Structures are given as C-alpha cells and as structure tokens.
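For the sequence shown, our numbering begins at 11 and goes up steadily by one. In this text, a Cβ means the ideal position worked out from N, Cα and C, and glycines have one as well. Being a predicted model, the structure only gives us computed values, none of them experimental. A short worksheet on the structure shown next.
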Amino acid sequence: MPVRKIKNNYLSVTGNFYSIKNSRHIASESKLERDFFLHLEFDKNVLSYEEQPLTTYYSKNNRRYKYTPDCLVFYKNRRPCIYEIKYSSEIKEKKVFLKEKFNQIEDYLEKNDMDFSFFTELDINIIQLENIRYLYSFSSYKNEHMINSAIELIQNHENVSLNKILNNYSIDRFKQNEILPYIWKILLMNKIEINLNEKINKETFIKVIHE
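Put into structure tokens, the structure is as follows:
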C-alpha cells in the first residue's frame, strides 16, 4: 500500500481506478500517472506495481530531505524498478537539481537491487494509449454468461478479424453490439490479444492465446 497519502490540490489531477493486476484501486496524482498505470496493466512482463511505495532520503546543502517515489514496478524477468513520473518540461527546467537528487536515490536503489527510470509524456504512443483507454473501459463488465459466450465465440473463430467474428455471431447489429464489450473483456482476461499499436476497428485482427 502507498506510504504517502495522495492529496488533491490545484496543481494536480487526482483520481483512482481499479487495477486488475493489483486487485485493488490505484490512486494517481496526474493524468500522466494514470496513463502510466494503464500501460502497466497491458505490459505482459509486469507482475504488479505500487504507487507511493517507499520513503528514502537525500541530502542538499547539508540538509536531509524525504523522498517518496511515484511507482514501484515488479517484473517477471528483470529487477524491480522505481519510476519517477514527470512531464519532460519539468525535467528540463529542474535538470541540475533533479540530477543531484536522483544520483543519490539511484545509489540507494542499487544497494537494494532496484533499477530507476523516468517516465514522461514523450514515452507515450498516442494510438496505443487511445486503445488501452478504450479497452480498459470494459474492465467492469461482469456478466458471466456473456463472458462465457465471448470465450466460446472466439474459440470457434480464432485468429480472424473482429468483423468476421461479429458477423459469425449474428447479423443483428444489436446483438453484435451486445457481445462486443465482452470480446474486449476477455482480452483483459488474457484470453485474446491484438496489436495495440494499430487503431482498433472492425478489421482488427484477433489472436487467441492458448494456455
């Protein structure tokens, strides 16, 4: 759980959403943080992550300051990594101060077998972000009958376009629109996958993940 309570103030856009990977609500201090967390939800190498995960200290002008990083990410095949989530303009403006501060932080993290990295808006693929925002909007859909129907439908028509799957399900547009959210729901359940770097449309190719 986060070690520092996230405050709502005029400089930030606070919010929270339910994280599938963490099975709990995650709090964010900005749109950029939320976008970063959403990317983590779709990264197959990410096991889990935690906002405001720990507190350490750094020194400046003979004074000791507290530091709480933005996020700690646990991976399947690499060391845990602390991320500082900032807009590139802020990094540029505070370059000298941040370099001194984070050089000390990196030393601490290295001793504790963790990596360090920045995440900025420049790391975002806009098409991918639009796709994952759209897909994650279906995370709360819980109709078990419709979920099972979507799983059965995909298994019968695997590795084809979304349009073909929908037409094989029904020629009725209403019924197609009824099943569509659950096709995306089972994507969030890691039953299928798509190319997130291409804008989602009816020609999107859907690949079944065989366990």
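Can you tell me which of the three DSSP states residue i falls into?
i, result
"F129", "strand"
"E98", "In the sequence as presented, Glu is not what sits at residue 98; that position holds Ser. Of the three classes helix, strand and coil, the one that applies to S98 here is helix, per DSSP."
"L57", "strand"
"F215", "strand"
"S159", "helix"
"F27", "strand"
"K70", "strand"
"Y151", "coil"
For residue i, which residues of its own chain have a beta-carbon under 6 Å away from its beta-carbon, when the five flanking residues on both sides are left out?
i, result
"F107", "none"
Taking the CB atoms as reference points, tell me whether residue i and residue j lie closer together than 8 Å.
i, j, result
"S150", "I30", "no"
"F129", "F46", "yes"
"E140", "L42", "no"
"L48", "Y146", "yes"
"F84", "Y118", "no"
"F161", "I204", "In the sequence on display, residue 161 carries Ile and not Phe. In this structure, I204 does not lie closer than 8 Å to I161 by Cβ."
"I95", "D80", "yes"
"K201", "I189", "no"
Give every residue of the same chain whose Cβ lies closer than 8 Å to the Cβ of residue i, excluding the five residues on either side of it in the sequence, and list them in chain order.
i, result
"G25", "A37, S38 and R44"
How would you call residue i, buried or exposed, if buried means at least 16 neighbouring beta carbons within 10 angstroms?
i, result
"N18", "Unreliable positioning characterises N18 in this predicted model, as indicated by a pLDDT of 40, which lies under 50. The coordinate reading is nonetheless provided below. Looking at its Cβ environment, which holds fewer than 16 other Cβ atoms inside 10 Å, N18 is exposed."
"I181", "exposed"
"Y192", "buried"
"Y93", "buried"
"Y179", "buried"
"E213", "exposed"
"I164", "buried"
If residue i sits next to residue j, beta carbons under 8 Å apart, how far is it from one beta carbon to the other, in whole angstroms?
i, j, result
"I216", "I175", "6 Å"
"L57", "K104", "Contact flag wrong, Cβ pair sits at about 32 Å."
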